[in-house]
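What follows is a short report on a single structure.
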Amino acid sequence: MPVSDNADPKGSAPANPGRRHWLEAAAVGGGAVALPPLAWLAGGAGGAAAATPPVATAGPTGTAATPLALLAEERIDESAQGLTSEYLYANWYRWRHPRGDWVDAAGKPQGYQAFGASVASAQGLLRIDITRAVQAGQPLQLVLRTSSPDGGALVASRNAPDVTRRPFLAITPSGGKPLLLDVSADAEANGSTVTARGAEPAMKVSADTHAFLAFPPVDIKPASAMLVLHVEQLIGQGGRLEVYRMASPRLPDDPSRVSLESDPRVFFRSAAFEEPLFEGIFNTRGSNNFEQRRVVDTDRGRALELSFDPRTSLVLDASVAFVPEATEAAFEYDLKVLPGFTPSDGGKMPGWSSRTKPDDKIALSRNKAFAGWPPGSMGTLLAGKGGDRVNGHDGWSLRGGYIVPWAAKHPLHGQMGLTTYAYHAAMQDQFGDSWPWTQWGPSSAVVGQWQRIHQRLRVNTPGKRNGLLEARIDGRLVFRKTDVYLRDGQRWDLNDLGVATEGGIGRVWLNVYHGGTALPPTRCAAMLLRNLKVARLA
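Using my numbering, read the sequence shown as starting at 21 and increasing by one per residue.
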């Protein structure tokens, strides 16, 4: 929030004399931001007055940038789940460019026409005129970088123990007195580490590290705006520090909207999983012995309620088979994450898989709803789960997934991040790769809201990396991958077990699972599922 009384925003450090002098100088000057007294320019740690300011201030450069299409949730975060060199948030919203995305004063993404710049050539105060960056509008989230390949600086952050060294912004409205804004959040995108570094007392600005600063919104049209930093240490001989505006890591919204609601290719529909096909999931002497699945009445009609239980990781395991297997298909369902959702680990959600081993013969024979399903429709995967690597001719799975919820003060608190948990023929991790649904946004399930989850899959031409996987939330595209590789063209190992397959889409795998290996920490009603629709597209 605006700070005009020199109070420390963290409530413990002494008042900042520099801020008081800035206000006094501006008042004497009739409202224009004047240079602060030399006693302040000497530094905030009690140093002697300097004969001349330690650095010069460069004026604004370029023209005002075009407005930024940042989501309200795309805010700089300092926590361990916050900004890194790869992601806006740790493992979520991957930057499109290493160490962050920005727009320059000409409105060019990753351009080099800075809104303002100053040369850091000595320790002490550094002022950068960023009037046009502030005039470009809200939100005011800045990227501080250097064009010096071998130099740079360490600048004090909002976590600096000495309050007089923390960054702030002095804004002067037309005909008014200066308004001083403390940084609301800052962090560095350090290219030498994948961890978040938002709680350090200083931020590095160098060729491989950018600093990010956020300021609270202010509803004024500024005549001038000055960013005030304190250089703690030079890197090399110092360098020119430049200011840009942070840009969204998302791609522009895809205008297409997709739904299976009235699609004639839908061959299976279920309002609340009450069809004979799913009767086994309610058997309390079988997989439902902890009573984790029940049908309930909701504001949208009847729905399947799923509960986590600390005695088991499995929550749901059911299938809708494609007979014969498909090369392209889609399915969707309505999801409502409940407020009691408290997982301690990421987990699995509904998705896709290939044909399985024929160990499902007995299960298939017990339910007439499975009539016509061949062995290998819903058994155990030969490869594609539990650390069994995919080789391109044995099995695969592309289940959905969710990640560990964000902490209470995180910008994404109250949402459940969704992913694809992929066992594919080009997999990197022994236990599957995670593909976050973050290319377009918003891309998370919001706790307490009904949302429609849609997935479309086209398997690759054998031996070519040209498979397609798309995910949508409420019809809007959030994820697309066009090089999915599931089958290599060799004869399938399952053929030797009597399963007829060419590695196509064997089923929609309705799997909900806690972890990994971690058990749920407590009993909780986690989510509601309803309105399932499955379509064969090819």
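Note that CB positions come from ideal geometry on N, CA and C, so glycine has one too.
DSSP state of valine 184 mapped onto helix, strand, coil: Taking the sequence shown and counting its residues from 1, the one referred to as residue 184 is at position 164. One detail in the question is off: residue 184 reads as threonine in this sequence, not valine. The three-state reading of DSSP puts threonine 184 in helix, counting H, G and I together.
Assumed close pair threonine 521, leucine 514 - CB separation to whole angstroms, cut-off 8 Å: To locate residue 521, count along the sequence shown from 1; it is residue 501. To locate residue 514, count along the sequence shown from 1; it is residue 494. Yes, they are in contact, since the Cβ atoms of threonine 521 and leucine 514 sit about 5 Å apart, within 8 Å.
Beta carbon of leucine 432 nearer than 8 Å to that of serine 463: By one-based count along the sequence shown, residue 432 stands at place 412. By one-based count along the sequence shown, residue 463 stands at place 443. At the C-beta level, leucine 432 and serine 463 stay beyond 8 Å of one another.
Straight-line Cα distance separating alanine 403 from alanine 227: Numbered from 1 along the sequence shown, position 207 holds the residue referred to as residue 227. Numbered from 1 along the sequence shown, position 383 holds the residue referred to as residue 403. Computed Cα separation, rounded: 44 Å.
8 Å contact criterion, which arginine 550 and alanine 292 should meet: CB distance rounded: For this step, residue 550 is matched to residue 530 along the sequence shown. For this step, residue 292 is matched to residue 272 along the sequence shown. Rounded, the Cβ-Cβ distance is 5 Å, consistent with contact.
Beta carbon proximity, leucine 247 to chain C, threshold 8 Å: The structure shown contains no chain C, having only a single protein chain.
Inter-residue spacing [alpha-carbon to alpha-carbon] between lysine 356 and leucine 271: As a first step, residue 356 is located in the sequence shown; it is residue number 336 there, counting from the start. As a first step, residue 271 is located in the sequence shown; it is residue number 251 there, counting from the start. The alpha-carbon of lysine 356 is positioned some 26 Å away from that of leucine 271.
Sufficient close CB pairs (3 or more, under 8 Å) joining the stretch 376-395 to the stretch 481-501: No, they do not touch.
Buried or exposed (CB count within 10 angstroms, at least 16 for buried), alanine 558: Position 538 of the sequence shown, counting from 1, holds the residue named residue 558. By the neighbour-count rule (16 or more Cβ atoms within 10 Å), alanine 558 is not buried but exposed.
Sheet register partners of glycine 421 (DSSP bridge): Mapped onto the sequence shown, residue 421 falls at position 401. Per DSSP, Lys368, Thr439.
C-beta contact flag for glycine 468 and glycine 420 at 8 Å: The sequence position of residue 468 within the sequence shown is 448, counting from 1. The sequence position of residue 420 within the sequence shown is 400, counting from 1. Annotated as distal: glycine 468 and glycine 420, with beta-carbon spacing of 8 Å or more.
Contacts around proline 237, its chain only, beta-carbon distance under 6 Å, and the 5 residues preceding and following it disregarded: Here residue 237 is taken as the residue at index 217 of the sequence shown, counted from 1. Taken in chain order, the residues that qualify are Gln158.
Beta-bridge pairing of glutamine 475 - partner residues as DSSP gives them: Locating residue 475 in the sequence shown gives position 455, counting from the first residue. Looking at the DSSP output, glutamine 475 bridges to Phe351, Ala491.
Three-pair Cβ contact test at 8 Å for the stretch 138-157 versus the stretch 206-213: With a cut-off of 8 Å, the stretch 206-213 and the stretch 138-157 do not count as touching, because too few Cβ pairs lie within range.
Three-state secondary structure assigned by DSSP to arginine 270: Position 250 of the sequence shown, counting from 1, holds the residue named residue 270. Three-state result, arginine 270: coil.
Straight-line Cα distance separating phenylalanine 361 from glycine 131: Translated into the one-based positions of the sequence shown, residue 131 becomes position 111. Translated into the one-based positions of the sequence shown, residue 361 becomes position 341. If you draw a straight line from the Cα of glycine 131 to the Cα of phenylalanine 361, it comes to about 43 Å.
Validate contact between the stretch 188-203 and the stretch 266-280 using beta carbons, cut 8 Å, 3 pairs: Here the stretch 188-203 makes no contact with the stretch 266-280; the two share fewer than three CB pairs at distances below 8 Å.
Reduced DSSP category for glycine 300 - H, G, I as helix; E, B as strand; rest coil: In the sequence shown, the residue the question calls residue 300 occupies position 280. When DSSP states are grouped into helix, strand and coil, glycine 300 belongs to the helix group.
Bridge partners - leucine 247, DSSP secondary structure assignment: For the purposes of this step, residue 247 is taken as the residue at position 227 of the sequence shown. For leucine 247, which the question treats as bridged, DSSP gives the partners Ile148, Leu189.
Limits of the unbroken beta strand (DSSP E) element including lysine 381: Sequence index remark: in the sequence shown, residue 381 carries index 361 (1-based). Run containing lysine 381: none in the beta strand (DSSP E); it sits in the alpha helix (DSSP H), 381-385.
Spatial distance of alanine 446 from proline 198 (CA atoms): In the sequence shown, residue 446 corresponds to position 426, counting from 1. In the sequence shown, residue 198 corresponds to position 178, counting from 1. The alpha-carbon separation between alanine 446 and proline 198 amounts to approximately 58 Å.
Supposed close pair threonine 215, leucine 548 - CB separation, criterion 8 Å: Taking the sequence shown and counting its residues from 1, the one referred to as residue 215 is at position 195. Taking the sequence shown and counting its residues from 1, the one referred to as residue 548 is at position 528. Not confirmed; about 36 Å, so no contact.
Simplified DSSP state of valine 554, which is helix, strand or coil: The residue labelled residue 554 in the question sits at position 534 within the sequence shown. Secondary structure of valine 554 (DSSP, three-state): strand.
Collapsed DSSP secondary structure at asparagine 515 in the structure displayed: Sequence index remark: in the sequence shown, residue 515 carries index 495 (1-based). In the structure shown, asparagine 515 falls within a helical segment according to DSSP collapsed to helix, strand and coil.
contact_flag[the stretch 254-263, the stretch 111-120] where n(CB pairs < 8 Å) is 3 or more: Taking 8 Å as the limit for Cβ pairs, the verdict is that the stretch 111-120 does not touch the stretch 254-263.
Classification of serine 138 by the beta-carbon crowding that lies within 10 angstroms, buried from 16 upward: On the sequence shown, residue 138 is found 118 positions in, with the first residue counted as 1. Flag for serine 138 reads buried.
Environment of threonine 458 [buried if 16+ CB atoms lie within 10 Å]: One-based indexing of the sequence shown puts residue 458 at position 438. Under a 10 Å Cβ-count criterion, threonine 458 is classified as buried, with 16 or more other Cβ atoms of the shown protein chains found around its own Cβ.
As assigned by DSSP and simplified to three states, the class of lysine 484: Counted from its first residue, the sequence shown places residue 484 at position 464. DSSP places lysine 484 in coil when its eight states are reduced to three.
Which listed residue (Gly127, Arg485, Gly535, Asp182) has its alpha carbon closest to that of leucine 334: Here residue 334 refers to the residue found at position 314 when the sequence shown is read from its first residue. Selection Gly127, Arg485, Gly535, Asp182 evaluated against leucine 334 yields Gly535 as nearest (Cα-Cα).
Residue environment, phenylalanine 287, which counts as buried when at least 16 other CB atoms sit within 10 Å: Taking the sequence shown and counting its residues from 1, the one referred to as residue 287 is at position 267. By the neighbour-count criterion, in which 16 or more other beta carbons inside 10 Å mark a residue as buried, phenylalanine 287 falls on the exposed side.
Contact under 8 Å by Cβ, leucine 174 with leucine 189: Counting from one through the sequence shown, the residue named residue 174 turns up at place 154. Counting from one through the sequence shown, the residue named residue 189 turns up at place 169. Contact flag unset, no.
From Tyr107, Arg320, Phe328, residue whose alpha carbon lies closest to that of asparagine 309: In the sequence shown, the residue the question calls residue 309 occupies position 289. In terms of Cα proximity to asparagine 309, the closest of Tyr107, Arg320, Phe328 is Phe328.
Same chain, Cβ closer than 7 Å to glycine 518, neighbours up to 5 away in sequence not counted: Translated into the one-based positions of the sequence shown, residue 518 becomes position 498. Excluding positions up to five away in sequence, the list reads Pro378, Pro395.
Contact under 8 Å by Cβ, phenylalanine 235 with serine 204: The residue you call residue 235 lines up with position 215 of the sequence shown. The residue you call residue 204 lines up with position 184 of the sequence shown. In this structure, phenylalanine 235 sits near serine 204, with a CB-CB distance shorter than 8 Å.
Whole-angstrom distance between proline 330 and valine 248, CA atom to CA atom: Here the question's residue 248 lines up with position 228 in the sequence shown. Here the question's residue 330 lines up with position 310 in the sequence shown. In this structure, the straight-line span from the alpha carbon of valine 248 to that of proline 330 is close to 52 Å.
Cβ-based neighbour list, threonine 347, same chain, cut-off 8 Å, excluding 5 preceding and 5 following: For this step, residue 347 is matched to residue 327 along the sequence shown. By the criterion of a C-beta distance shorter than 8 Å, threonine 347 is surrounded in its chain by Arg478, Val479, Gly524, Ile525, Ala558, once the five residues flanking it on both sides are discounted.
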